[in-house]
Each structure stands twice: as C-alpha cells, then as structure tokens.
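Counted from 1, the sequence shown has number 74 at position 74 by UniProt numbering; the numbering is strictly sequential. Beta carbons are placed, not taken as given, at the ideal position from N, Cα and C, and that holds for glycine. It should be emphasised that the depicted structure is a prediction, and the values quoted were computed from it without experimental measurement. Single-structure report; data block below.
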Amino acid sequence: MNVKQNIGIMNALIRITVGLTMLSWATAKLVKRPWRNSYLLIAFLAAMKVGEGIVKYCPMTDVIQNQMNQMNGSDSDSNKNGNESQNKSDLKQMMDMFVPKQKEQSSNGTNNNQHQQGSHHHEQENSQS
C-alpha cells in the first residue's frame, strides 16, 4: 500500500493538539468510570487523530480526493443534469478547506497584497469624504 501525505503541516499540528487534548480528557474520565464504553471510544478516536497528525495522512481526505478524481474522470462520459456539476463544485469547495494548497509564485501573492492594500486605502478615502 502506497501511503502518500495528504494533509499539511498546520492541519497535522491541529490534529495532534486536539487529539492529545481529547485523549487526556477521555483517559481522565475513563479512570473515574471504567465501565463506560463511550470514553474508551473517544480515547480510540483521539488516538487516531494523533496518529493522522504524526504521519500526515488522513484516510477520509484520501477517499474524498479519490472521489474527486473519479468525478473529474467521468466528466466527459456523462453530463446528465445540472445537479451533478453543482455537487462537484460543492465537493471542490469542501476539499479546498481541508487540503493544503500548492505554493503559488511569490509574485502573485505580492501583487494581491498590494492590490488589497490599495483598495483598502481607497475605501478609507471615500468614507472620509
């Protein structure tokens, strides 16, 4: 099985932090009430999050990315209704939130920042008039 990293460093750090927090909470609760299976389940899920953060691989993200690739591959085969394209755009927006973006050229980022600062300054001048 070829496991490829599919989450970014910030996402991994968040998973480790939240996972360790949940794990410590669940273990503390489990010490007081060892007969409760829900705390054991939460501890198991938290440990999975810590593991995902350490190896920078999330199986759910991988499944969603594979679905995206399959949907893009079948794009030319069938375009039966407009609902299909709406679902693709919704899925793409969801993926953009969770999957790290590739680094863009630094000149693009500089131009965007300058444009935003210029428009912000222009808005301030208009509001003062």
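- [ ] Return the CA-CA distance between residue 38 and residue 18, expressed in angstroms with no decimal places.
- [x] Mapped onto the sequence shown, residue 38 falls at position 38. Mapped onto the sequence shown, residue 18 falls at position 18. Approximately 18 Å, taken between the alpha carbons.
Open item on the list: For a test of the three-state rule: what should DSSP assign to residue 59, helix, strand or coil?
Closed with: Taking the sequence shown and counting its residues from 1, the one referred to as residue 59 is at position 59. The answer is helix: DSSP assigns residue 59 an H, G or I state.
Task: Cβ shell of residue 16 (< 8 Å), same chain only, five flanking positions each side left out - done: The count along the sequence shown starts at 1 and reaches residue 16 at position 16. Excluding positions up to five away in sequence, the list reads 49, 50, 53, 54.
Task: Cβ-based neighbour list, residue 62, same chain, cut-off 7 Å, excluding 5 preceding and 5 following - done: Along the sequence shown, read from residue 1 onward, the residue named residue 62 stands at position 62. Correct list, in chain order: 6.
Task: Local conformation of residue 7 per DSSP, three classes - done: For the purposes of this step, residue 7 is identified with residue 7 of the sequence shown, where counting begins at 1. The answer is coil: DSSP assigns residue 7 none of H, G, I, E or B.
TODO: Under 7 Å Cβ to Cβ from residue 42, same chain only, skipping five residues before and after it: list those, please.
DONE: Reading the sequence shown from its first residue, position 42 is the one you call residue 42. The residues are 22, 26.
Open item on the list: Taking only three categories from DSSP, how would you classify residue 2?
Closed with: Here residue 2 corresponds to residue number 2 of the sequence shown, with the count starting at 1. Three-state result, residue 2: coil.
TODO: Using only alpha-carbon positions, find the residue among 13, 20, 40, 90 that is nearest to residue 71.
DONE: In the sequence shown, the residue the question calls residue 71 occupies position 71. Taking only the C-alpha atoms, the option nearest residue 71 is 90.
Open item on the list: I believe residue 12 touches residue 56 by the beta-carbon criterion, under 8 Å. Please report the beta-carbon distance rounded to the nearest angstrom.
Closed with: Numbered from 1 along the sequence shown, position 12 holds the residue referred to as residue 12. Numbered from 1 along the sequence shown, position 56 holds the residue referred to as residue 56. Right, their Cβ atoms sit about 5 Å apart.
Task: Integer-rounded CB distance, given that residue 40 should sit under 8 Å from residue 30 - done: Position 30 of the sequence shown holds residue 30. Position 40 of the sequence shown holds residue 40. 6 Å between Cβ atoms; contact.
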